[in-house]
């Protein structure tokens, strides 16, 4: 068994990166790059975009390391929020912008600690991807549309269906 | 669990809730993460190493200065912006030093000095600011971009113009601020140093095509001071060198020096290496 202070190790690495330590960046990459690569591949089938997103993720982490706060979450979760945004950036650069009317830019997040798998399990399969992208990965409706390759209007309507389904289950008042 | 992890890495279809639970576990748990890394590295180890090389190379590049970011916002091409931002005369330390020197000059006074005498000190020193700035920008000892500039895919003449204009911009801005603040100046004589400044700077560059830039700057600087002191002694008017005949001479010097520089543009590639 390993020592229980692993998240602490990650946080210390990020602190060293904030001070400009390249060795710490290499360490952090060694600990996290592989799973981020696979997770990005599960979101996007275009290899080139995934490769660029992986690289951008660690370059962004290098730049925004001074902003990282342990209180706001573990390093793994922090890296994933960066990674999924960089993937959306890649998709945005490639896709022609789709004009959408009246799509709200942000959506309320579920309360912290909501188990992701239980939240998703209560939903029809076509709604799961949308809820995951918006509620769990914190993307905007437009970003989720890019990631999932569906129109923003569809994201919006699926979200409202998801809200209805979730209020019917025990997740009352989670997303309104 | 390992079986599920292998299927996950391989990209096999897995119901979303189960996949998400697995992903959250990997992100949070170092042991799961270690297993995932092992499986991925078996196929993609070389690829991951290549991306790491790129990441390290990209993060090794120095962070952009505020000035450089500002120039980029103003649509200046990236190589030019980096060159301009690297100009020694545009550093805060430099600007502050020049400002302090000029402030002391503006405050200099002897017994029985008239306002014209005080202004004359400022006017005599101000045209030396861009000369020293240009010398610093092209001298191997002070220029941080020596090697970059030498290797840049940009003509020596263009490089010279970009760097000289950056120096002039910074020098004129700080000197203007000080002279406009000066209480002794009156009317247009406050800015009477601008044309002489252009003349001394262009003359320094011309001379630098024949000798080291530091020597050129020293020669031109001393010559300038000797000339203005001599003139004001002879005609007994401290600001005499800056009245319109002097301005006319400055224009002629600047124009001829610029013409010579353009004529020698082919020989300017190695100016900064002298």
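Protein chains in written order, with my numbering: chain L, 1 to 176; chain D, 1001 to 1274. The C-beta atom is built at its ideal place from N, Cα and C for all residues, glycine as well. In this text the structure is predicted, and so the values were computed from the model without any measurement.
Beta carbon proximity, residue i to chain C, threshold 7 Å
i                    : result
residue 78 (chain L) : Looking for chain C here will not work: the only protein chains present are L and D.
Inter-residue Cα distance where the pair is residue i and residue j
i                      : j                      : result
residue 1023 (chain D) : residue 1156 (chain D) : 55 Å
residue 161 (chain L)  : residue 127 (chain L)  : 8 Å
residue 136 (chain L)  : residue 76 (chain L)   : 14 Å
residue 1115 (chain D) : residue 18 (chain L)   : 54 Å
residue 1028 (chain D) : residue 21 (chain L)   : 24 Å
residue 1255 (chain D) : residue 1133 (chain D) : 20 Å
residue 1020 (chain D) : residue 70 (chain L)   : 23 Å
residue 1237 (chain D) : residue 1226 (chain D) : 15 Å
residue 100 (chain L)  : residue 151 (chain L)  : Below a pLDDT of 50, predicted positions are generally treated as unreliable, and residue 100 (chain L), at 47, falls in that range; no measurement from the model is reported.
residue 174 (chain L)  : residue 119 (chain L)  : Per-residue confidence for residue 174 (chain L) stands at a pLDDT of 46, beneath the threshold of 50, marking its modelled position as unreliable; the derived number appears in the next sentence. C-alpha separation (whole angstroms): 10 Å.
residue 1233 (chain D) : residue 1120 (chain D) : 12 Å
residue 1209 (chain D) : residue 1199 (chain D) : 16 Å
residue 1062 (chain D) : residue 154 (chain L)  : 43 Å
residue 10 (chain L)   : residue 82 (chain L)   : 16 Å
residue 1010 (chain D) : residue 165 (chain L)  : 32 Å
residue 72 (chain L)   : residue 1006 (chain D) : 31 Å
residue 1263 (chain D) : residue 62 (chain L)   : 48 Å
residue 1038 (chain D) : residue 1065 (chain D) : 40 Å
residue 1075 (chain D) : residue 142 (chain L)  : 28 Å
Run of the alpha helix (DSSP H) containing residue i, from where it starts to where it stops
i                      : result
residue 1179 (chain D) : 1156–1181
residue 136 (chain L)  : Where residue 136 (chain L) is concerned, there is no enclosing alpha helix (DSSP H), given that its DSSP letter is neither H nor E.
residue 1060 (chain D) : 1030–1060
residue 80 (chain L)   : 75–94
residue 124 (chain L)  : Careful: residue 124 (chain L) lies outside any alpha helix (DSSP H) and carries neither H nor E.
residue 56 (chain L)   : 47–64
residue 29 (chain L)   : 22–43
residue 1224 (chain D) : 1213–1235
residue 1244 (chain D) : 1244–1263
residue 1095 (chain D) : 1092–1107
residue 1115 (chain D) : 1115–1125
residue 1266 (chain D) : Neither: residue 1266 (chain D) is in no alpha helix (DSSP H) and is coded neither H nor E.
residue 1196 (chain D) : 1194–1208
residue 158 (chain L)  : 152–168
residue 1068 (chain D) : 1066–1073
residue 1130 (chain D) : 1128–1138
residue 1078 (chain D) : 1078–1085
Supposed contact pair residue j and residue i - C-beta distance, whole angstroms, cut 8 Å
i                      : j                      : result
residue 1196 (chain D) : residue 1245 (chain D) : That pair is no contact at about 12 Å.
residue 1162 (chain D) : residue 1080 (chain D) : 6 Å
residue 147 (chain L)  : residue 88 (chain L)   : 6 Å
residue 13 (chain L)   : residue 27 (chain L)   : 5 Å
residue 1257 (chain D) : residue 1203 (chain D) : 5 Å
residue 1098 (chain D) : residue 34 (chain L)   : Not a contact, Cβ separation roughly 53 Å.
residue 145 (chain L)  : residue 134 (chain L)  : Incorrect: roughly 10 Å between the Cβ atoms, too far for contact.
residue 68 (chain L)   : residue 1052 (chain D) : That pair is no contact at about 20 Å.
residue 1231 (chain D) : residue 1240 (chain D) : 5 Å
residue 64 (chain L)   : residue 86 (chain L)   : Contact flag wrong, Cβ pair sits at about 11 Å.
residue 1178 (chain D) : residue 1106 (chain D) : 6 Å
residue 1182 (chain D) : residue 1122 (chain D) : 6 Å
residue 1068 (chain D) : residue 1082 (chain D) : 6 Å
Of the listed residues the options, nearest to residue i (C-alpha basis)
i                      : options                        : result
residue 1118 (chain D) : D:1190, D:1100, D:1053         : D:1190
residue 158 (chain L)  : L:26, L:68, L:115, L:124       : L:124
residue 54 (chain L)   : L:90, L:74, L:69               : L:90
residue 39 (chain L)   : D:1014, D:1061, D:1055         : D:1014
residue 163 (chain L)  : L:16, L:131, L:140             : L:131
residue 1025 (chain D) : D:1041, D:1008, D:1012         : D:1008
residue 1159 (chain D) : D:1035, D:1084, D:1240         : D:1084
residue 1215 (chain D) : D:1131, D:1262, D:1194         : D:1131
residue 1086 (chain D) : D:1164, D:1208, D:1248         : D:1164
residue 1138 (chain D) : D:1213, D:1071, D:1102         : D:1213
residue 1125 (chain D) : D:1181, D:1192, D:1068         : D:1192
residue 1003 (chain D) : D:1049, D:1036, D:1105, D:1228 : D:1036
residue 1017 (chain D) : L:121, L:23, L:84              : L:121
residue 1211 (chain D) : D:1042, D:1006, D:1267         : D:1267
residue 1176 (chain D) : D:1103, D:1045, D:1262, D:1219 : D:1103
residue 1089 (chain D) : D:1166, D:1113, D:1100         : D:1166
residue 1219 (chain D) : D:1074, D:1253, D:1207         : D:1207
residue 1136 (chain D) : D:1168, D:1235, D:1248, D:1188 : D:1168
query = Relative to chain L, which residues along the stretch 1251–1267 of chain D have a C-beta separation below 7 Å, given in chain order?
reply = none
The stretch 122–146 of chain L: positions lying closer than 8 Å to chain D by Cβ = 125, 128, 129, 132, 136
inquiry  = Against chain L, which members of the stretch 1071–1101 of chain D pass a CB distance test of less than 8 Å?
reply    = none
ask   = Just by C-beta distance, which residues in the stretch 1046–1058 of chain D are closer than 7 Å to chain L?
value = Listed by position along the chain: 1048, 1051, 1052, 1054, 1055, 1056, 1058.
request  = Taking only beta carbons into account, state which residues of the stretch 35–53 of chain L come closer than 8 Å to chain D, listed in chain order.
outcome  = Residues passing the 8 Å Cβ filter: 35, 37, 38, 39, 41, 42, 51.
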